[in-house]
Structures are given as structure tokens and as C-alpha cells.
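Student: Could you have a look at this structure, given as C-alpha cells, before my questions?
2 protein chains.
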Amino acid sequence: MTQHVGIIDLGSNTARMIVVQYQPHHSFKLVEEVKENVRLAHNVGPDNQLQAQPIAKALETLRMFGNFCRAMGVNEVVAVATSAVRDAANQTSFLAQVKEETGLDLRVLSGDEEAYYSYLGMINTLGVSNGFMFDIGGGSVELALVRGRGLANTTSLPLGTVRLTEQILRSDTPSKAELKALDRHVDEALAGLDWFRPQGSKLPLIGVGGTVRNLAKLEQRAQRYPLDIVHGYTMSLQRVDEWASRLSKLNRNEREQLEGLNNDRADVITAGVLLIQALMQRCGADSLWICGHGLRDGIFYEHFLRGSQPPLLSDVRQFSVANLARIYGYNVLHVAKVRELSLSLFDQLQSLHGYGAWERELLEATSMVHDIGVAVNFYDHHKHGLYLILNSMLNGYTHREMAMIGLLTRHHRKGGVTDAGLGGVLAEGDLERLGKLSALLRIAEYLERSKSQVVQGVDCKIEKQQVRISVQAVGDASIEIWDANRKTNLFRKAYGVEVVIE
Amino acid sequence: MTQHVGIIDLGSNTARMIVVQYQPHHSFKLVEEVKENVRLAHNVGPDNQLQAQPIAKALETLRMFGNFCRAMGVNEVVAVATSAVRDAANQTSFLAQVKEETGLDLRVLSGDEEAYYSYLGMINTLGVSNGFMFDIGGGSVELALVRGRGLANTTSLPLGTVRLTEQILRSDTPSKAELKALDRHVDEALAGLDWFRPQGSKLPLIGVGGTVRNLAKLEQRAQRYPLDIVHGYTMSLQRVDEWASRLSKLNRNEREQLEGLNNDRADVITAGVLLIQALMQRCGADSLWICGHGLRDGIFYEHFLRGSQPPLLSDVRQFSVANLARIYGYNVLHVAKVRELSLSLFDQLQSLHGYGAWERELLEATSMVHDIGVAVNFYDHHKHGLYLILNSMLNGYTHREMAMIGLLTRHHRKGGVTDAGLGGVLAEGDLERLGKLSALLRIAEYLERSKSQVVQGVDCKIEKQQVRISVQAVGDASIEIWDANRKTNLFRKAYGVEVVIE
């Protein structure tokens with residue numbers, strides 16, 4: 001049965017709530033996000049007292065979230081607070097006030113718990129098994145080391161972007177002395193972490209949080225990147241160095257002019273990027289992976305995968321493809337048959353295309369989602385499918401893989417092979433790959449044209465000048481065969497041989 | 001309860017089936033279309049005998065359609081046949097064979113019935129009340145006169161594109177003599193129709209069928225038209241004249257090179273466009289409206305609106321907006337409140353914007369669909385809303401109106417006003433209109449931020465330098481008011497005055 005859970009996260013800067021519609025272990029969809037700039041940690045002095053005005057704003061915001069949940073029929077609410085409340089001297093009275101005025105039981109996460117949920121959010125949405133990771137908030141940064149998809153180490157340090165900016169980078173354009181002080185401050189904070197150091201083999205650094213997402217957006221705009229997706233995007237250390245040095249020289253007004261910069265971040269982005277740079281250097285990472293999912297997602301996965309310990313999807317890619325198919329209501333039998341037929345063609349024609357497990361997996365994933373575009377409009381649903389795939393988030397795949405699955409979907413029915421403007425994320429040979437894989441998918445799709453599994457299987461014979469595909473059918477498959485034969489142009493072009501289906 | 005109906009249409013050239021998922025009188029969505037090139041009328045001689053080969057193809061196709069319906073759980077099937085079967089000397093034996101081999105009761109439509117269903121398909125999807133109309137098939141053309149949304153006259157003439165091409169335009173490039181013969185032939189066929197003549201006031205000519213859709217596509221490509229929609233597109237007589245004269249000079253090979261031409265139509269497009277030109281001249285129309293819905297849709301509406309006599313939607317625009325909201329599962333209470341608040345702002349600020357009923361209706365329609373983009377992704381759902389609106393078909397609206405509703409949706413949450421590349425379908429002043437209307441919608445949306453109808457109403461006072469909006473609330477609306485005040489930039493820019501919400 002479909003349920004709705006609201007997950008509230010009260011941070012030092014922002015209060016956020018997501019509402020997720022889900023069926024445990026089966027499928028989910030984010031249906032709402034509300035965000036308020038509460039600035040709870042504002043004007044907290046050395047005595048760590050949350051101030052009256054931010055407290056009032058936090059209470060109003062939580063009350064509004066509560067109204068929201070009641071109106072939306074959200075029956076479960078999980079509310080957590082991070083460093084601002086964790087460190088507050090008046091934490092107890094604040095929690096009591098929240099409970100009294102909003103009814104919410106605010107759970108205060110320890111730094112390790114915060115790092116754990118960030119990790120859960122990341123490990124269930126990115127296709128990595130090993131790496132360092134960080135989640136930068138306004139008040140603190142959580143660090144972790146991930147090994148074999150497990151959490152090997154965590155820590156939380158008081159190096160949030162608001163904190164670093166207010167305490168150290170106080171000038172409009174940071175002075176040399178401030179930059180040096182920041183560097184020293186970070187160095188000292190990291191000094192005791194013996195696990196946050198270069199490992200036997202190079203590991204990537206995975207970044208969570210608004211700062212790293214905004215860095216990715218700046219870079220994408222500068223590169224005229226064709227996708228509007230930051231999750232799964234990667235940057236080299238060199239590019240991070242360049243941004244750190246560029247941002248250090250700008251004042252707020254100049255930062256605000258940067259294409260892609262979120263104005264709310266204009267005051268803290270410099271400290272954030274300098275911190276990211278320092279983290280990369282420290283752990284010896286040469287690439288930065290941007291992860292668009294963190295703390296709230298981690299809490300959600302714990303909820304979604306209840307009963308699983310640890311709450312990890314066994315296969316992120318497989319799950320997210322199935323989830324996409326499920327939320328758009330796919331035809332299980334049709335999809336299963338198209339998958340079977342296209343993979344059977346792929347395997348039997350291996351000597352013609354020479355591709356391996358990677359291409360096979362892309363073909364399989366595409367067969368799952370090839371019809372989701374019908375949710376927009378039956379007409380041109382292959383084009384709408386590409387749009388949905390690029391905008392609904394296929395977790396665990398690289399951008400190149402997402403583009404490939406989107407483009408295979410785009411070509412499953414008709415038309416010649418095109419990169420649809422996505423050339424910038426493809427690699428050499430991908431257009432040829434696309435042609436060869438689409439050709440197989442298209443034959444499978446037309447053999448399943450009546451969506452009634454009339455064609456049960458295919459048997460390929462590779463002859464000198466042609467490929468002969470014999471169809472095993474239950475009942476009359478003459479129209480399917482006739483149609484599939486009419487859709488073999490792409491095959492002929494891609495493989496350079498004739499094909500006959502009979 | 002959701003039902004599925006399959007509607008099969010066996011024409012002279014093509015056999016088509018659509019499958020529509022629907023709840024009677026409430027909502028529907030086309031979920032499948034299957035099309036086969038059967039060419040049933042092929043090689044029918046003067047003795048009007050359907051030939052063995054096309055009959056076999058038709059039977060196989062109908063059997064495939066039947067498999068399809070069974071597999072998809074389609075419980076009702078309506079199957080009709082048009083001129084090829086209507087005119088066939090061996091009609092009785094063909095029908096018996098269909099019944100025996102596929103179980104289908106093929107209903108043979110008379111020419112008048114065919115015209116009636118075309119009209120039903122058109123009148124429930126276009127926002128016109130008066131006009132001449134035609135539906136060109138391979139074998140016949142149906143003509144009608146529509147008055148006050150009613151069907152005043154109909155007739156069916158044996159002037160289908162395949163027939164005209166095979167009988168008259170036989171040369172690769174039509175000869176002068178053939179062109180003259182076609183003209184005379186059409187003239188003679190129309191001679192007796194005293195109602196198909198210029199009326200008191202100029203009426204448009206509305207065209208249904210693949211030929212006119214393809215003509216529109218040719219014109220759109222030539223004009224680099226920004227929308228990929230033919231339904232509701234209009235062309236002047238002059239542009240039709242130019243295409244008729246251009247096509248007359250081309251051979252098949254040259255026609256196939258035309259950008260936008262469907263290759264299946266390369267042999268018959270010339271006869272079709274010449275016929276359209278002749279019809280426009282004959283009835284004195286100076287504009288051609290392209291209608292993307294015809295016979296099958298008409299049969300569907302009879303089904304969908306069962307019990308209504310005649311089966312006409314009382315308001316095409318209103319219905320299609322509601323239908324769009326329904327198929328994407330809208331939040332009824334939230335939408336109702338955003339509509340109420342934005343229209344209330346619109347009415348109270350009338351002296352500031354000076355707009356009338358047309359703009360009010362656009363604002364109202366947008367409030368219904370402003371959140372549908374969440375079906376793609378909550379993030380950027382305003383952008384996805386624009387995509388869905390332009391691709392899911394808002395019937396009854398002009399392309400300019402669709403673009404306006406899409407762009408209002410695009411601007412309901414954030415960002416400055418942009419035409420998003422749709423400048424080519426907007427008119428002068430529309431960007432300003434967009435700014436002023438979006439500003440109202442955005443305030444309404446943020447006053448309904450918690451989706452819990454905390455804000456019940458608004459009361460506007462227009463003062464010298466500013467607009468003062470007082471909010472009537474049940475409960476605490478401080479966050480809503482705070483947020484709405486943060487979203488007034490657009491208002492200030494669009495109206496050039498300050499605004500305070502309190």
C-alpha cells in the first residue's frame with residue numbers, strides 16, 4: 001500500500017522537509033520539498049545559546065511543516081536536528097518548546113549519526129563502493145571512509161561553511177591572512193584523523209550538500225554541459241583548484257554575477273570550495289564525485305528498507321531502473337518479453353558487435369523503461385522517454401550511461417541515430433554502439449508489437465551476407481514478423497549486413 | 001472505474017487501432033495506437049472486388065489487434081470500416097470472414113456516419129463553433145458544414161488521395177493535362193453541393209486526416225515553427241496555394257527530400273494538397289485549421305460521453321484542462337485555493353493591469369495545471385510542467401494560448417520572465433502579460449505554500465506608491481506571508497510598484 005512519510009531536517013541555516021510517497025522495498029517518488037531559510041545558528045555566541053528570533057522562526061516553520069503534513073495526509077513524520085541544536089546550550093528547553101508548540105519529537109543526531117545517514121543517502125544512489133566522503137552543512141562537516149559499500153570510519157568536525165565564513169573569511173574579498181588562517185584551521189582540525197589520508201589505491205572523494213552541488217553547477221555552466229543534472233557529476237582536482245583560486249579573488253558582488261551561483265550561497269561558497277579543495281588534497285583524491293542525495297535521503301532509505309540491516313539496496317542501478325518503470329506503471333509482460341528478445345539477439349549476435357557486459361546491461365535497463373514516455377503522450381513517446389530518463393534521475397549510473405539509456409529509448413521505435421544534443425557526455429564509439437544496440441531493441445519491440453507475447457523466442461543464423469532470424473511463435477505472428485522486417489533499416493546500417501526475419 | 005476501449009478503423013489504405021483508458025464523463029488518456037499499412041483498396045478494379053492478398057493482410061492485422069486487446073485487458077472493442085469496405089462488391093463475404101476468423105463485428109459506416117464521427121472528433125477537440133470541414137482518406141473525402149457547434153450538412157465524395165492519384169495524377173511529376181483533369185474532376189464532384197459555398201460571413205475550413213497534418217508539418221518545418229504540434233495550427237489560403245503550386249512541380253524523389261514529409265505519403269500528397277486548395281477556393285475560406293483528431297476520436301467521444309445526446313463536451317477548453325490535471329493526479333484543495341487567490345488578486349488589481357476575461361481564463365487554467373510537472377520530478381517541476389503542457393495536448397486552445405499557459409506554469413515558482421524559445425507563437429505584449437499574470441500566481445502559490453488553506457482570502461488596497469495585500473488566515477500564516485513577501489520581486493518588476501503582504 002502507498003504510504004507518505006515526511007522527513008524534516010532542521011539545520012544550522014535551513015529547515016527542510018521532503019515528502020516521499022512509497023511502498024516499502026518496492027518503489028518511491030519524492031512528491032514535495034519545502035525549504036525555509038531559518039538560520040537557527042544565527043548570532044549564536046561563544047556561550048552557544050540559540051537566540052530568540054531564530055527560535056521563533058524555527059517554531060513557525062515547524063508548525064507550517066506540520067500543517068503541510070496534515071493537509072497532505074502524511075501519516076509518519078521523522079524530524080531530526082543537526083549541529084546547531086546538537087551544540088546548543090539551551091537544547092533541552094528548545095526541544096521542549098518544539099514538542100509543546102508543534103507536537104514534533106525532534107531527534108538530535110550525533111555527528112556520527114549525521115555522517116551515517118549521509119552515507120546511507122549516498123550509498124543508495126551512487127554507483128560507488130569505495131571512497132572518502134564529506135557532507136558540508138552550515139555548522140559542521142561530516143567525513144567518512146567507505147569500503148566495500150560499508151562505512152569504515154566517520155567523524156564530524158565543526159567546519160561548516162557559515163561557521164568558517166563568520167569566524168575566519170570575514171572580509172568581502174578574503175584577505176591573504178584570512179586565507180592562510182582558514183588553511184591552518186582546517187589543517188589543525190584534520191590533523192588527528194589518521195584514516196583520512198591517501199590509501200593504497202587512489203579513492204575518489206564524494207561530496208554531499210548544497211556547497212558541492214553549487215560548485216558542480218558553476219562548473220557545468222562554465223563548460224556548457226548538456227545535462228542539467230549534478231548528481232553523479234565528476235570534477236578533477238585541477239578544476240576544483242581553479243575554482244578555489246578564482247573564488248578567492250572575488251567579492252560578494254562579483255560572486256553573485258557568476259552564472260550558476262545560487263544567491264543564498266554567495267556569502268559562503270568561497271569557504272566551502274576552499275574546504276573541499278583542502279579535503280581533496282588531504283585524502284589524496286584526484287576526482288570529486290557530486291552526490292545529490294544525503295541526510296534526508298539516508299533517513300528515508302532506513303524507512304523504506306525497514307527490516308534490512310544495513311538498509312542498503314542490493315543493486316542501486318537495478319533498483320532505480322525498476323523504480324522508474326514502476327512509478328510510470330509499466331507493462332510487466334511486454335517489458336519482460338522485449339528484454340528477453342533483445343538480450344537473446346544481443347547474445348546470439350555477439351560475434352557481429354563484439355560488445356560485452358556493459359552494453360548488455362544498458363540494453364537490459366532500456367528494455368525496462370523503453371515505454372515510460374507514454375506517461376506524457378503516446379505520440380512521440382520515444383522522445384518523451386528520453387526526457388523522463390534525463391529528468392527523473394536514474395541513480396547509480398554515470399551521466400554517460402544515463403544518456404545512453406535515454407538515447408536507446410529514443411531510438412526504440414523509429415528514426416535514424418542521433419545524439420539529440422548529448423554528444424558532450426558520450427564517448428568515442430557511443431554513436432556506433434547506439435546504432436547497433438537500438439537496431440536489436442527495435443527488432444525485439446516490433447516482434448512484440450501486439451504486446452501479447454506471440455513471439456516466444458528468436459534463433460539467429462549468421463550467414464555470409466546476411467543474418468537470418470527465425471521466430472518461434474505461439475499462434476499467428478505474421479504481422480509481427482512483417483513489421484519487424486520493415487524496421488530492419490537501422491540494423492542494415494549499423495551492422496552493414498542484410499537481415500531477414502522469418 | 002477505469003475502463004479500456006479499443007477503437008479499430010479499417011480504411012482504404014491503413015488499419016488503425018487506438019486504445020483509450022477512461023472513466024466515463026471524467027477523464028481519459030490515449031495509451032496505445034497501432035497502425036498497419038493494409039492497403040485494402042489495392043487493385044480494386046471497376047468491379048469493386050476486394051482482392052485476396054489485401055483481404056489476407058486485413059485479416060492478419062485484425063487478428064493482431066485482437067491479440068493486442070486481449071493482452072492489454074481491453075474489454076470493449078469498436079471496429080468500423082470505411083469506404084473500401086462500404087464500396088466493395090464482396091462486402092458481405094468479407095464481413096463474414098472477419099467475423100469468423102477474428103470474432104470482430106465490423107460496422108460499415110455510411111459516408112454520412114463517417115462525416116459525423118469526424119465532426120465529433122473535431123468539435124470535441126477544437127475551439128471552433130462554425131466552419132466547413134473535411135476529412136480526407138485514401139478512398140473518399142467527407143465534407144461537412146458546422147453551425148453553432150452542430151452538424152448542419154454532410155456528404156461523402158469518392159475523392160480520396162489514393163483514388164485521385166491512381167486515377168488521375170499518374171505521372172511521376174503531374175503533367176499539365178493531369179492537373180487540369182484533377183481540377184475538372186473535383187469541380188464536377190462538388191458541383192451539386194449548394195451548401196459548400198461561401199456563406200454570409202467568412203468561415204474557416206477545418207481539415208482532418210493525415211494529408212492535412214502532413215501539409216502542416218511541411219509548413220512548420222519551412223517556417224522553423226517552435227512547437228511540434230499540428231492540432232490547432234492554422235494556415236492562410238496563400239500558403240496553401242504556394243504549397244499546391246510547389247508540390248505540383250516535383251516528382252516523387254524530389255517530394256521525398258522535403259523536410260517534414262512522411263515517406264508513406266510521398267505518392268499521394270500532391271493530389272491531397274491540390275484537393276485541399278480546391279476545397280478552400282470552393283467554400284471561400286481564407287484560413288485552414290488543422291485538426292489532429294477525427295473519426296476514431298469521434299467514436300471514442302460517443303463512448304466516453306455515453307448518455308449525452310449529442311455527445312459534445314460542453315466546454316472543450318475547460319474539460320481538457322481538467323483532464324490534464326486529473327491524469328496527473330492533482331491536489332484538488334490546493335489547486336482550488338491557488339485558483340481562488342490568484343483570481344481574487346487579478347480582479348482586485350484590475351485597474352493596475354487592465355486585462356480582461358481572456359487573461360483571467362488563462363490564469364484560471366494555469367492554476368489548475370501548475371503542479372503537474374511533479375509527475376516528472378519535484379525538482380524543477382515548473383519546467384517539467386511547461387514540457388507536459390506542450391506535449392500532452394491542451395485541446396480547444398490556440399497554440400499561443402497553450403504557450404501562455406505553459407509559460408505561466410513555468411513561472412509560478414521562481415525565475416525571471418522568459419519566453420523559453422516560444423517567442424514565435426506569442427503576440428506583442430505577451431511577455432508583459434506573462435510577467436503580470438505570473439506575479440499574481442506566484443503570490444497565490446506562496447500564500448498556499450503549506451497546501452493547507454491556511455490563507456483563506458486576500459484583500460488588496462491600491463495606494464499611491466504601493467499595493468497592500470491583507471491576508472485573511474485561519475491559524476498561523478506567518479511563514480506563508482513571509483515567503484510570499486520574499487517572492488514579490490516579479491510583482492515589483494511587472495507592475496512597477498511596491499507590494500506589501502501582511
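Going down the list, the sequences are from chains A and B. Here the first sequence stands for residues 1 to 502, where the numbers follow the UniProt record's numbering. Here the second sequence stands for residues 1 to 502, where the numbers follow the UniProt record's numbering. Just so you know, even glycine gets a beta-carbon here, dropped at the ideal spot from N, CA and C.
Between residue 277 (chain A) and residue 240 (chain A), is the Cβ-Cβ spacing less than 9 Å?
Tutor: Against a cut-off of 9 Å, the Cβ pair of residue 240 (chain A) and residue 277 (chain A) comes out as a contact.
Student: Would you verify that the beta carbon of residue 403 (chain B) is, or is not, closer than 9 Å to some beta carbon of chain A?
Tutor: Output row for residue 403 (chain B): interface = no.
Student: Quick one: using the 10 Å Cβ neighbour count with 16 as the cut-off for buried, is residue 493 (chain A) buried or exposed?
Tutor: Residue 493 (chain A) comes out exposed.
Student: Name the chain B residues whose beta carbon is nearer than 9 Å to that of residue 420 (chain A)?
Tutor: The premise fails here: residue 420 (chain A) is roughly 14 Å from chain B at the closest Cβ pair, so nothing lies under 9 Å.
Student: On the three-state DSSP scale, how would you describe residue 120 (chain A)?
Tutor: Residue 120 (chain A) falls in the helix class under three-state DSSP.
Student: In angstroms with no decimal places, state the Cα-to-Cα distance between residue 476 (chain A) and residue 63 (chain B).
Tutor: Approximately 8 Å, taken between the alpha carbons.
Student: Find the nearest neighbour of residue 338 (chain A) within the set A:177, A:169 and A:455, judged by alpha-carbon distance.
Tutor: Minimum Cα distance to residue 338 (chain A) is reached at A:455.
Student: Closest by CA to residue 221 (chain B), which one among B:243, B:157, B:375 and B:319?
Tutor: Comparing Cα positions, the closest option is B:243.
Student: Out of A:444, A:183, A:259 and A:428, which one is the CA nearest neighbour of residue 215 (chain A)?
Tutor: Residue A:259 is the option with its Cα nearest to residue 215 (chain A).
Student: Enumerate, from N- to C-terminal direction, the unbroken alpha helix (DSSP H) stretches of 4 or more residues contained entirely within the UniProt domain "Ppx/GppA phosphatase C-terminal" (316–470) of chain B.
Tutor: Taking only runs of at least 4 residues, the alpha helix (DSSP H) segments lying wholly in the UniProt domain "Ppx/GppA phosphatase C-terminal" (316–470) of chain B are 316–327, 332–348, 350–353, 357–369, 381–392, 399–410 and 430–447.
Student: What's the gap between the Cα of residue 292 (chain B) and the Cα of residue 297 (chain A)?
Tutor: Rounded to whole angstroms, residue 292 (chain B) to residue 297 (chain A) spans 44 Å at the Cα level.
Student: Closer than 9 Å by beta-carbon distance: list the chain A residues that pair up with residue 79 (chain B), in chain order.
Tutor: In chain order: nothing, as chain A lies at least about 16 Å away.
Student: For residue 462 (chain B), tell me which candidate among B:499, B:490, B:14 and B:159 has the shortest Cα-Cα distance.
Tutor: Residue 462 (chain B) has its Cα closest to that of B:499, out of B:499, B:490, B:14 and B:159.
Student: Any idea which residues DSSP pairs residue 147 (chain A) with across the strands?
Tutor: Residue 147 (chain A) is bridged to A:150.
Student: Give a yes or no on whether 9 Å exceeds the smallest Cβ distance from residue 384 (chain B) to chain A.
Tutor: Yes, residue 384 (chain B) lies at the interface with chain A (some Cβ there is under 9 Å from its Cβ).
Student: Is it buried or exposed, residue 472 (chain A), if we count other Cβ atoms within 10 angstroms and call 16 or more buried?
Tutor: That one is exposed.
Student: Which chain B residues sit within Cβ distance under 7 Å of residue 61 (chain A)?
Tutor: By Cβ distance, chain B contributes 479.
Student: Can you tell me where the beta strand (DSSP E) with residue 301 (chain A) in it begins and where it stops?
Tutor: Residue 301 (chain A) -> not in any beta strand (DSSP E); alpha helix (DSSP H) instead, spanning 295–304.
Student: Along the chain, where does the alpha helix (DSSP H) containing residue 15 (chain B) start, and where does it finish?
Tutor: First-last for residue 15 (chain B): 15–23, but that is the beta strand (DSSP E), not the alpha helix (DSSP H).
Student: Throw me the rounded Cβ distance for the residue 110 (chain A) and residue 294 (chain A) pair, which I believe falls under 8 Å.
Tutor: In fact, because the Cβ distance is near 16 Å, the residues do not count as touching under 8 Å.
Student: Kindly list, in the order they appear in chain B, the residues whose Cβ is closer than 7 Å to that of residue 68 (chain A).
Tutor: Simply 450, 451 and 452.
Student: Leaving aside the five residues before and after residue 108 (chain B) along the sequence, list all residues of the same chain whose C-beta is less than 6 Å from its C-beta, in chain order.
Tutor: Within the same chain, residue 108 (chain B) has close Cβ partners 81, 85 and 86.
Student: Could you give the DSSP three-state label for residue 35 (chain A): helix, strand or coil?
Tutor: If DSSP states are grouped into helix, strand and coil, residue 35 (chain A) belongs with the strands.
Student: Just to confirm the assignment, what range does the beta strand (DSSP E) spanning residue 81 (chain A) have?
Tutor: Run containing residue 81 (chain A): 76–81, per the beta strand (DSSP E) assignment.
Student: Going residue by residue through the region 166–244 of chain B, where are the continuous alpha helix (DSSP H) segments of at least 4 residues, counting only ones entirely within it?
Tutor: Listed in chain order, the complete alpha helix (DSSP H) runs (minimum 4 residues) inside the region 166–244 of chain B are 176–191 and 210–223.
Student: For residue 42 (chain B) and residue 57 (chain B), what's the separation of their Cα atoms in angstroms?
Tutor: The straight-line gap from Cα to Cα measures roughly 11 Å.
Student: Indicate whether residue 460 (chain A) and residue 450 (chain A) have their beta-carbon atoms separated by less than 9 Å.
Tutor: Going by C-beta atoms, residue 460 (chain A) is not nearer than 9 Å to residue 450 (chain A).
Student: For residue 237 (chain A), which residues from the same chain have a beta carbon less than 6 Å from its beta carbon, with the 5 sequence-adjacent residues on both sides left out?
Tutor: Here the set comprises 280 and 286.
Student: Could you check whether the Cβ of residue 280 (chain A) sits closer than 9 Å to any Cβ belonging to chain B?
Tutor: For residue 280 (chain A), the answer is no, since every Cβ of chain B falls outside 9 Å of its Cβ.
Student: In whole angstroms, give me the CA-to-CA distance for residue 314 (chain A) and residue 95 (chain B).
Tutor: Roughly 56 Å between the two C-alpha positions.
Student: Grab me the residues of residue 105 (chain A)'s own chain with a C-beta within less than 8 Å of its C-beta, minus the 5 sequence neighbours each way, in chain order.
Tutor: If we look at residue 105 (chain A) and ignore the five residues flanking it on each side, its Cβ neighbours are 79 and 99.
Student: Using the rule of at least 16 other Cβ atoms within 10 Å of the residue's Cβ for burial, across every protein chain shown, is residue 334 (chain A) buried or exposed?
Tutor: Label assigned to residue 334 (chain A): buried.
Student: Would you kindly work out how many angstroms separate the C-alpha atoms of residue 219 (chain A) and residue 284 (chain A), rounded to a whole number?
Tutor: Answer to the nearest angstrom: the Cα atoms are 21 Å apart.
Student: Only counting the same chain, and skipping five residues up and downstream in sequence, which positions put a Cβ closer than 7 Å to that of residue 164 (chain B)?
Tutor: 182, 271 and 275.
Student: Who does residue 499 (chain B) pair with in a DSSP beta bridge?
Tutor: Residue 499 (chain B) pairs with B:467.
Student: Report yes or no: is there a C-beta of chain B within less than 9 Å of the C-beta of residue 30 (chain A)?
Tutor: Yes, residue 30 (chain A) counts as interfacial toward chain B.
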